[in-house]
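Student: Residue numbers (the numbering used here), protein chains in the order written: chain U, 1 to 274; chain X, 1 to 175; chain D, 1 to 370. Glycine included, each C-beta is placed from N, C-alpha and C at the ideal position.
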Amino acid sequence: MPGTECLRYVLKAAGPDSVLVVPACCTSVIQGIYPGTAMNVPVYNIAFAAAAACASGMSNAFCALGKETNVIVYAGDGGTVDIGIQALSGAFERGTNFLYICYDNEAYGNTGMQRSGSTPLGARTTTTPGGKPTGKKDLDRIVEAHNPPYMATACSAYPLDLYKKVKKALSIEGPKFIHILAPCPPGWRYPTEKTVEMGKLAVKTGTWILYEREYGKLTISGPSKAAMKRPAPLSDYINGQGRFKNLSPEVMDEMRQQVERNIQRLSREEAGVC
Amino acid sequence: MYEIRIHSRGGQGGVTAAKLLALAAFRDGKYATACPFYGAERRGAPVVSFVRIDDEPIKIYSQIHEPDLVIVLDTSIMDVVDVLQGLKSGGTVLLNSAHPLPGCNGTCRHVDLTGIALAENLVVAGSPILNTPVLGALAKMGVVTFPSAEKAIREMFADERNVKAAKAAYEELKA
Amino acid sequence: MLTIATGNKAVAAAVKAAKPGVVAAYPITPQTEIVEQIAEYVTDGDLESQYIPVESEHSAMAACIGASAGGVRTFTATSSHGLLYMHEMVHWAAGARLPIVMANVNRALGPGWNTWAEHSDAFSQRDTGWLQVFVGTVQEAYDATLMAFKIAEDERVLLPVMVNLDGFALSHIMQALETVDLGDFLPPYHLPHAIDTENPCVYGPMTGPADYFRFRWDIERSMRDARGVIAEVEREFAERFGRSYGPTEDYRCEDADVVVIAMGTLGKEAEVAVDRLRDEGIKAGSMRLRWFRPFPDLDLAGREVVVIDRDYSFGFGGVVAHSIRSKTGVVPYSVIAGLGGQEVTYNDIADFVRNRHPGTETWFGVSDHV
Numbered sequence: 001m002p003g004t005e006c007l008r009y010v011l012k013a014a015g016p017d018s019v020l021v022v023p024a025c026c027t028s029v030i031q032g033i034y035p036g037t038a039m040n041v042p043v044y045n046i047a048f049a050a051a052a053a054c055a056s057g058m059s060n061a062f063c064a065l066g067k068e069t070n071v072i073v074y075a076g077d078g079g080t081v082d083i084g085i086q087a088l089s090g091a092f093e094r095g096t097n098f099l100y101i102c103y104d105n106e107a108y109g110n111t112g113m114q115r116s117g118s119t120p121l122g123a124r125t126t127t128t129p130g131g132k133p134t135g136k137k138d139l140d141r142i143v144e145a146h147n148p149p150y151m152a153t154a155c156s157a158y159p160l161d162l163y164k165k166v167k168k169a170l171s172i173e174g175p176k177f178i179h180i181l182a183p184c185p186p187g188w189r190y191p192t193e194k195t196v197e198m199g200k201l202a203v204k205t206g207t208w209i210l211y212e213r214e215y216g217k218l219t220i221s222g223p224s225k226a227a228m229k230r231p232a233p234l235s236d237y238i239n240g241q242g243r244f245k246n247l248s249p250e251v252m253d254e255m256r257q258q259v260e261r262n263i264q265r266l267s268r269e270e271a272g273v274c
Numbered sequence: 001m002y003e004i005r006i007h008s009r010g011g012q013g014g015v016t017a018a019k020l021l022a023l024a025a026f027r028d029g030k031y032a033t034a035c036p037f038y039g040a041e042r043r044g045a046p047v048v049s050f051v052r053i054d055d056e057p058i059k060i061y062s063q064i065h066e067p068d069l070v071i072v073l074d075t076s077i078m079d080v081v082d083v084l085q086g087l088k089s090g091g092t093v094l095l096n097s098a099h100p101l102p103g104c105n106g107t108c109r110h111v112d113l114t115g116i117a118l119a120e121n122l123v124v125a126g127s128p129i130l131n132t133p134v135l136g137a138l139a140k141m142g143v144v145t146f147p148s149a150e151k152a153i154r155e156m157f158a159d160e161r162n163v164k165a166a167k168a169a170y171e172e173l174k175a
Numbered sequence: 001m002l003t004i005a006t007g008n009k010a011v012a013a014a015v016k017a018a019k020p021g022v023v024a025a026y027p028i029t030p031q032t033e034i035v036e037q038i039a040e041y042v043t044d045g046d047l048e049s050q051y052i053p054v055e056s057e058h059s060a061m062a063a064c065i066g067a068s069a070g071g072v073r074t075f076t077a078t079s080s081h082g083l084l085y086m087h088e089m090v091h092w093a094a095g096a097r098l099p100i101v102m103a104n105v106n107r108a109l110g111p112g113w114n115t116w117a118e119h120s121d122a123f124s125q126r127d128t129g130w131l132q133v134f135v136g137t138v139q140e141a142y143d144a145t146l147m148a149f150k151i152a153e154d155e156r157v158l159l160p161v162m163v164n165l166d167g168f169a170l171s172h173i174m175q176a177l178e179t180v181d182l183g184d185f186l187p188p189y190h191l192p193h194a195i196d197t198e199n200p201c202v203y204g205p206m207t208g209p210a211d212y213f214r215f216r217w218d219i220e221r222s223m224r225d226a227r228g229v230i231a232e233v234e235r236e237f238a239e240r241f242g243r244s245y246g247p248t249e250d251y252r253c254e255d256a257d258v259v260v261i262a263m264g265t266l267g268k269e270a271e272v273a274v275d276r277l278r279d280e281g282i283k284a285g286s287m288r289l290r291w292f293r294p295f296p297d298l299d300l301a302g303r304e305v306v307v308i309d310r311d312y313s314f315g316f317g318g319v320v321a322h323s324i325r326s327k328t329g330v331v332p333y334s335v336i337a338g339l340g341g342q343e344v345t346y347n348d349i350a351d352f353v354r355n356r357h358p359g360t361e362t363w364f365g366v367s368d369h370v
């Protein structure tokens with residue numbers, strides 16, 4: 001599972017003086033069943049809606065104790081963009097010193113692929129069997145509105161990029177956010193061995209843009225720079241996924257327009273054109 | 001036990017008057033409780049507060065239905081509220097008014113708290129402060145001692161004009 | 001120091017003395033004065049604590065969980081809808097064995113909006129694994145809050161404690177309050193399973209039925225041990241500070257033929273009713289139930305019992321009346337009174353005793369014996 005592979009890089013970057021706070025998500029399962037554990041840092045499991053708030057308390061407790069331990073939330077898209085967004089917003093507004101990582105497979109994967117607010121337009125899930133009629137919630141612009149000192153996007157197909165972003169995030173005081181696109185073979189319905197390719201296609205088509213935002217200032221990351229100038233055809237990304245089977249030409253067209261609008265918006269912003 | 005009911009309008013300081021009175025009684029070495037009856041918290045709405053003073057610990061939390069003393073900080077309330085309801089026979093009424101209540105018998109006292117507050121320029125957000133001068137009147141009536149009233153006011157308010165207003169009310173209240 | 005304070009201010013003063021590392025709370029009437037006072041203590045430097053102004057009660061309890069597990073003493077306060085909103089995390093706090101202390105200012109539940117006293121909010125959390133104590137005076141609000149930290153943090157307990165005080169009736173009344181110099185009454189916070197990156201553990205992972213079941217039994221075992229710990233702490237408190245408490249506060253019960261059982265402020269008002277009844281020759285007593293979880297063992301043999309419930313379990317009955325009945329075998333006269341702040345005076349309570357019909361239930365002022 002890409003979410004799991006990403007976690008390896010996150011923890012490599014974070015080091016042993018770190019605590020993970022994990023709401024209900026795929027990572028609740030991959031830790032292993034009590035009393036065994038696959039993890040080498042303390043992991044605090046918490047209710048679905050509560051990750052950012054729990055981390056908030058923990059961060060303040062460590063502050064009271066004079067500890068510099070990293071507090072990292074590792075949450076799925078459902079626990080972030082839907083049920084957990086209030087706690088996320090509150091923690092960011094309060095300036096909590098922590099890193100919130102959302103690994104996004106664009107549906108409730110742990111419970112068998114139901115649609116989430118992060119599911120893209122047209123995607124079939126068990127609760128949108130005819131394809132999702134509305135688009136993906138733009139979580140990054142919501143987080144951006146909280147003016148965090150650092151936020152970034154990443155993708156499981158670019159682990160070194162992720163590693164560097166986690167390192168940088170943890171060097172900064174205050175609320176940090178990293179949004180990882182994590183393709184999910186069973187949920188997106190493609191063969192597991194194509195997971196890296198799927199992530200790269202998301203970036204190369206400009207569907208997923210890698211960037212960093214430090215104190216608001218945008219920097220497009222290397223892999224996306226070229227992709228934004230000459231994006232690969234969207235169909236390369238879409239056609240390989242069973243969840244987008246039988247898209248109508250209208251929906252396909254709308255998706256293409258969304259990608260273009262997004263590329264334009266970020267390109268103009270980086271170039272300083274308003 | 002001596003039971004006092006205070007009628008006022010939201011924002012006039014009736015609740016604070018109850019607290020001040022309880023604190024003063026407490027400084028006299030008595031047991032006292034002050035309890036506002038909270039309804040919808042709106043400025044201008046009629047509100048009622050209760051104070052109990054006793055030599056024994058007070059275990060009663062319910063409202064005062066048969067007061068020994070009724071204090072009316074705003075006489076316009078009397079058009080809408082029966083302030084005398086349940087007043088014990090031989091009980092007392094203290095009105096914030098320059099004039100006696102027509103037809104009121106000997107148990108009715110009055111003092112112009114609003115005038116005293118205005119004279120001391122004790123005005124907050126456009127409203128004269130009534131809760132500190134009323135304590136002076138109550139000291140004159142023997143509900144609390146004046147030194148304790150003074151102490152209570154200073155514990156809750158830094159502005160000395162509050163004490164001056166209480167003194168003025170103490171002096172102005174007719175015997 | 002002897003002063004005069006509201007129930008809310010008394011709780012805040014106790015929290016100041018207990019010096020929690022983190023306070024996470026959300027305002028709600030009639031509890032707000034507690035969090036306002038604590039925020040003021042922190043701002044003025046009178047309390048060195050991290051105050052987290054969370055965006056909801058669910059997050060308040062989640063933050064307390066993170067902080068308590070992180071290794072510091074933790075406090076929150078709520079009421080009514082706030083308590084219900086945090087319900088999921090109330091369970092979590094107990095299951096995670098965290099000694100969080102929470103003041104709950106008892107208030108009715110909507111609709112309609114009603115901010116006055118009722119015990120339904122606390123009782124809705126009765127099966128969560130929290131200890132629950134109900135207080136009857138401003139002084140007791142202070143004392144019980146201090147003791148709550150010591151009881152919760154005892155290694156034989158390690159469960160959270162909810163201190164309940166009646167909305168407005170107690171939260172906003174001004175009474176005498178004697179604050180104490182705590183000395184070493186509260187030992188430094190020590191949580192055996194606090195997060196430690198030198199000894200990384202996974203907390204609350206997927207747990208199979210056999211282990212899960214054992215964890216639940218552990219909660220109940222600690223709940224049973226808590227009875228002894230509560231008694232120890234209350235005894236120590238009495239020795240140090242001269243005020244003694246127990247599972248109930250008994251008033252003129254020794255030779256009583258009929259005992260009134262109530263909670264919170266109604267339990268104090270009942271003592272005045274008892275005096276009136278005694279004057280009439282009725283041998284009445286009052287037993288104010290303080291601890292609700294763990295539920296105390298009560299000796300009511302040979303007495304008639306009148307229970308006043310400021311709550312109701314719809315389709316079943318008064319929660320306290322039925323608890324008394326199931327725990328003692330005594331069939332009480334069940335009076336439902338004071339919901340949503342309904343005015344109940346000592347005269348009314350005396351009437352309940354005069355007109356008692358054991359085995360029946362009455363909704364005061366609304367229904368006859370049913």
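1. Three or more C-beta pairs under 8 Å: does that hold for the stretch 117-125 of chain D against the stretch 155-172 of chain D?
2. By DSSP, does Gln-63 of chain X sit in helix, in strand, or in coil?
3. Taking the runs of the beta strand (DSSP E) that are 3 residues or longer, which of them lie wholly in the stretch 73-100 of chain D?
4. Please list, in chain order, the chain D residues whose beta carbon lies closer than 8 Å to that of Ile-46 of chain U.
5. Beta-carbon separation of Ala-32 of chain X and Ala-176 of chain D under 9 Å?
6. Find out if the Cβ-Cβ distance for the pair Gly-84 of chain U, Ala-52 of chain U is shorter than 9 Å.
7. Could you give the distance in angstroms between the alpha-carbon of Pro-35 of chain U and the alpha-carbon of Gln-264 of chain U?
8. Quick one: grab the DSSP three-state call for Phe-37 of chain X.
9. Answer yes or no: does any C-beta atom of chain X fall closer than 9 Å to that of His-172 of chain D?
10. In angstroms, rounded to a whole number, what distance separates the CA positions of Cys-102 of chain U and Leu-20 of chain U?
11. What are the boundary residues of the alpha helix (DSSP H) that Tyr-372 of chain D is part of?
12. Note down, one range per segment and in chain order, each alpha helix (DSSP H) of at least 4 residues found wholly within the stretch 58-142 of chain U.
13. Note down, in chain order, each residue of its chain lying with its Cβ closer than 8 Å to the Cβ of Asn-347 of chain D, except the 5 sequence neighbours on either side.
14. Return the first residue and the last residue of the alpha helix (DSSP H) that Glu-57 of chain D is part of.
15. Assuming Glu-212 of chain U contacts Ala-152 of chain U under a Cβ cut-off of 8 Å, what Cβ separation, rounded to an integer in Å, is found between them?
16. When you compare only the Cα positions, how much space is there between Arg-73 of chain D and Val-166 of chain U?
17. Between the Cα of Val-157 of chain D and the Cα atoms of D:Val-305, D:Pro-294, D:Lys-19, D:Ala-284, which residue gives the shortest distance?
18. Within the 9 Å Cβ cut-off, does Val-29 of chain U reach chain D?
19. When Cβ atoms are compared, which residues of the stretch 76-92 of chain U fall closer than 9 Å to chain D?
20. Under 9 Å between beta-carbons, which chain D residues line up against Ser-49 of chain X? List them in chain order, please.
21. Which one of X:Pro-46, X:Asn-96, X:Pro-57, X:Leu-101 has the shortest CA to CA distance from Gly-115 of chain X?
22. Would you list, in chain order, the members of the stretch 63-76 of chain U that have their beta-carbon closer than 7 Å to a beta-carbon of chain D?
23. Going by beta carbon distance, what residues of the same chain come within less than 7 Å of Thr-192 of chain U, once the five residues before and after it are set aside?
24. Let me know if Asn-40 of chain U comes out buried or exposed under the rule of 16 or more other beta-carbons within 10 Å of its beta-carbon.
25. What are the boundary residues of the beta strand (DSSP E) that Glu-3 of chain X is part of?
26. In whole angstroms, what is the alpha-carbon distance linking Tyr-100 of chain U and Trp-217 of chain D?
27. Mind checking Asn-199 of chain D: buried by the 16 CB within 10 Å criterion, or exposed?
28. Under 7 Å Cβ-Cβ, which residues of chain U neighbour Asp-309 of chain D?
29. Would Leu-23 of chain X pass as a contact of Met-174 of chain D if the rule is Cβ separation under 9 Å?
30. Under the three-state reduction of DSSP, which class applies to Leu-130 of chain X: helix, strand or coil?
31. Against chain U, does Val-359 of chain D count as a neighbour if the rule is that its beta carbon must be under 9 Å from one of theirs?
32. Beta-carbon within less than 6 Å of Phe-48 of chain U's beta-carbon, same chain only, minus the 5 sequence neighbours each way: which residues are those?
33. Span of the alpha helix (DSSP H) holding His-99 of chain X?
34. Would you please verify whether the beta carbon of Met-102 of chain D is less than 9 Å from any beta carbon of chain C?
35. Classify Gln-37 of chain D as helix, strand or coil using the three-state DSSP reduction.
36. The alpha helix (DSSP H) spanning Tyr-190 of chain U covers which residue range?
Tutor: According to the structure data:
1. Flag = yes, the stretch 117-125 of chain D and the stretch 155-172 of chain D touch.
2. As a first step, residue 63 of chain X is located in the second sequence; it is residue number 63 there, counting from the start. Looking at Gln-63 of chain X - three-state DSSP - the assignment turns out to be coil, as it is neither helix nor strand.
3. Within the stretch 73-100 of chain D, the runs of beta strand (DSSP E) that reach at least 3 residues and sit entirely inside it are, in chain order, 74-78.
4. Indexing the first sequence from 1 puts residue 46 of chain U at position 46. Residues of chain D with a Cβ closer than 8 Å to the Cβ of Ile-46 of chain U are, in chain order, Ala-62, Ile-65, Gly-66, Trp-92, Gly-204.
5. For this step, residue 32 of chain X is matched to residue 32 along the second sequence. For this step, residue 176 of chain D is matched to residue 176 along the third sequence. Cβ atoms of Ala-32 of chain X and Ala-176 of chain D: closer than 9 Å.
6. Stepping through the first sequence from its first residue, residue 84 of chain U is reached at position 84. Stepping through the first sequence from its first residue, residue 52 of chain U is reached at position 52. Yes; because the gap between Cβ atoms is below 9 Å, this pair is in contact.
7. By one-based count along the first sequence, residue 35 of chain U stands at place 35. By one-based count along the first sequence, residue 264 of chain U stands at place 264. Near 50 Å, if we compare the C-alpha coordinates of Gln-264 of chain U and Pro-35 of chain U.
8. Counted from its first residue, the second sequence places residue 37 of chain X at position 37. Strand at Phe-37 of chain X.
9. Locating residue 172 of chain D in the third sequence gives position 172, counting from the first residue. Residue contact with chain X for His-172 of chain D: present (Cβ-Cβ distance below 9 Å to some residue of chain X).
10. Start at 1 with the first residue of the first sequence, and residue 102 of chain U comes out as number 102. Start at 1 with the first residue of the first sequence, and residue 20 of chain U comes out as number 20. Rounded to the nearest angstrom, the gap between the Cα atoms of Cys-102 of chain U and Leu-20 of chain U is 12 Å.
11. Shown here, chain D extends from 1 to 370; a query on residue 372 of chain D therefore has no answer.
12. If only uninterrupted alpha helix (DSSP H) runs of at least 4 residues are considered, those enclosed by the stretch 58-142 of chain U are 85-93.
13. Translated into positions along the third sequence, residue 347 of chain D becomes position 347. Taken in chain order, the residues that qualify are Ala-273, Arg-276.
14. Within the third sequence, the letter at position 57 stands for residue 57 of chain D. Run containing Glu-57 of chain D: 57-70, per the alpha helix (DSSP H) assignment.
15. Within the first sequence, numbered from 1, the residue matching residue 212 of chain U stands at position 212. Within the first sequence, numbered from 1, the residue matching residue 152 of chain U stands at position 152. The beta-carbon separation of Glu-212 of chain U and Ala-152 of chain U, rounded to 4 Å, stays under the 8 Å limit for a contact.
16. The sequence position of residue 73 of chain D within the third sequence is 73, counting from 1. The sequence position of residue 166 of chain U within the first sequence is 166, counting from 1. Looking at the backbone, the Cα of Arg-73 of chain D and that of Val-166 of chain U are separated by about 31 Å.
17. The count along the third sequence starts at 1 and reaches residue 157 of chain D at position 157. Checked all of D:Val-305, D:Pro-294, D:Lys-19, D:Ala-284; the closest Cα to Val-157 of chain D is D:Pro-294.
18. For the purposes of this step, residue 29 of chain U is identified with residue 29 of the first sequence, where counting begins at 1. Taking CB atoms only, Val-29 of chain U has a neighbour in chain D less than 9 Å away.
19. Closer than 9 Å at the C-beta level to chain D, one finds these residues of the stretch 76-92 of chain U: Gln-86, Ala-87, Ser-89, Gly-90, Ala-91.
20. Stepping through the second sequence from its first residue, residue 49 of chain X is reached at position 49. Within chain D, no residue comes near Ser-49 of chain X; the closest Cβ sits about 10 Å away, beyond 9 Å.
21. The count along the second sequence starts at 1 and reaches residue 115 of chain X at position 115. Of all alpha-carbon atoms in X:Pro-46, X:Asn-96, X:Pro-57, X:Leu-101, the one lying nearest the alpha-carbon of Gly-115 of chain X is that of X:Asn-96.
22. So the list reads Cys-63, Ala-64, Leu-65, Thr-69, given in the order they occur along the chain.
23. The residue you call residue 192 of chain U lines up with position 192 of the first sequence. Its chain contains Pro-185 as the residues whose beta carbon lies nearer than 7 Å to that of Thr-192 of chain U, once the 5 sequence neighbours on both sides are disregarded; these appear in chain order.
24. Within the first sequence, residue 40 of chain U is the residue found at index 40, counting from 1. With fewer than 16 other Cβ atoms within 10 Å, it is exposed.
25. On the second sequence, residue 3 of chain X is found 3 positions in, with the first residue counted as 1. Its beta strand (DSSP E) spans residues 2-9.
26. Locating residue 100 of chain U in the first sequence gives position 100, where the first residue counts as 1. Locating residue 217 of chain D in the third sequence gives position 217, where the first residue counts as 1. The straight-line gap from Cα to Cα measures roughly 35 Å.
27. For this step, residue 199 of chain D is matched to residue 199 along the third sequence. When all chains shown are included, Asn-199 of chain D counts as exposed.
28. Sequence index remark: in the third sequence, residue 309 of chain D carries index 309 (1-based). Result: empty, since nearest Cβ-Cβ is about 31 Å, beyond 7 Å.
29. Start at 1 with the first residue of the second sequence, and residue 23 of chain X comes out as number 23. Start at 1 with the first residue of the third sequence, and residue 174 of chain D comes out as number 174. Cβ atoms of Leu-23 of chain X and Met-174 of chain D: closer than 9 Å.
30. For the purposes of this step, residue 130 of chain X is taken as the residue at position 130 of the second sequence. Three-state DSSP puts Leu-130 of chain X in coil, outside helix and strand.
31. Indexing the third sequence from 1 puts residue 359 of chain D at position 359. The displayed chain sequence assigns Gly, not Val, to residue 359 of chain D. No, its Cβ sits nowhere closer than 9 Å to a Cβ of chain U.
32. Here the question's residue 48 of chain U lines up with position 48 in the first sequence. If we look at Phe-48 of chain U and ignore the five residues flanking it on each side, its Cβ neighbours are Pro-23, Ala-24, Gly-79, Ile-83.
33. Taking the first residue of the second sequence as 1, we reach residue 99 of chain X at position 99. Here His-99 of chain X belongs to no alpha helix (DSSP H), and DSSP marks it neither H nor E.
34. No chain C is present in this structure, whose protein chains are U, X and D.
35. Looking up residue 37 of chain D in the third sequence gives position 37. In the three-state reduction of the DSSP assignment, Gln-37 of chain D falls in the helix class.
36. If you number the first sequence from 1, residue 190 of chain U lands on position 190. Tyr-190 of chain U -> no alpha helix (DSSP H), and no H or E assigned at all.
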